[in-house]
Structures are given as structure tokens and as C-alpha cells.
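Chemist:
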Amino acid sequence: MSRISKEEVKHVANLARLAISEEEAETFTKQLDDIITYAEQLNELDTEGVEPTTHVLDLKNVMRKDEPKKWIEQEDALNNAPDHQDGQFKVPSVLE
């Protein structure tokens with residue numbers, strides 16, 4: 001018994017804006033059924049006592065602490081700008 005129908009494959013293809021032929025729909029139905037069957041083997045594993053994980057590697061936050069630091073003065077930043085007005089960078093308008 002197939003775990004996914006040809007109509008479901010066509011529906012998913014339509015949602016993904018993919019045009020598939022009848023032959024492709026049959027091929028994908030078989031392939032997806034094989035994938036689902038293989039994935040269902042995981043249900044046979046004993047996962048009692050195994051903590052859920054979100055990633056296979058133990059990741060740590062590698063970002064620096066958010067601490068204030070001295071930055072360039074406004075005047076120095078504006079000196080590098082091609083144009084400025086009233087202490088602000090002046091850029092070409094993008095809205096009409």
C-alpha cells in the first residue's frame with residue numbers, strides 16, 4: 001500500500017508551482033513512498049532516555065558580549081559622506 005498518492009504528489013507540485021507530467025508524478029510517487037518507508041524505520045528505534053536535540057553538534061554562542069564601546073564621532077562619520085544635511089547622511093530619494 002502506497003503511503004502517498006499520485007494526487008497528493010500532484011497537489012504538492014502545484015503548491016510548489018512545478019509542472020509535472022503523469023509519468024513524473026508516478027515516478028515521484030514511488031520515490032516519495034520509498035523515502036517515507038525508509039524514514040518510518042526510525043520509529044522502530046528505542047529512543048527511551050535520549051534527549052531531544054536541535055542540532056547534531058553541541059553549538060555554543062560565539063558572539064561577543066554586547067558592551068558599549070567608543071565609536072567615531074558624528075562629525076568624523078559625516079566627513080566621509082558624499083552629502084549630508086542637519087547631521088544626517090543625505091541619500092538620493094528612492095520613493096516618488
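According to UniProt numbering, the sequence shown is numbered sequentially starting from 1. Ideal Cβ positions, reconstructed from N, Cα and C, are used throughout, including at glycine. Every value quoted in this text rests on a predicted model; they were computed, and no experiment measured them.
By DSSP, does H11 sit in helix, in strand, or in coil?
Modeler: helix
Chemist: Just to confirm my understanding: we take T37, look at its own chain, exclude 5 residues before and 5 after, and list those with CB closer than 8 Å. What are they?
Modeler: R3, listed in sequence order.
Chemist: Compute the Euclidean distance between the alpha carbons of E7 and A13, then round it to the nearest angstrom.
Modeler: Note on geometry: alpha-carbon atoms of E7 and A13 lie some 10 Å from one another.
Chemist: Which residue from K69, A81 and L95 puts its Cα closest to that of F89?
Modeler: A81
Chemist: Using 10 angstroms around the beta-carbon of T29, count the other beta-carbons present and answer buried if the total reaches 16, otherwise exposed.
Modeler: With 16 or more other Cβ atoms from the protein chains shown falling within 10 Å of its own Cβ, T29 counts as buried.
Chemist: Just to confirm my understanding: we take N43, look at its own chain, exclude 5 residues before and 5 after, and list those with CB closer than 8 Å. What are they?
Modeler: Closer than 8 Å at the Cβ level, and outside the excluded window around N43, lies no residue.
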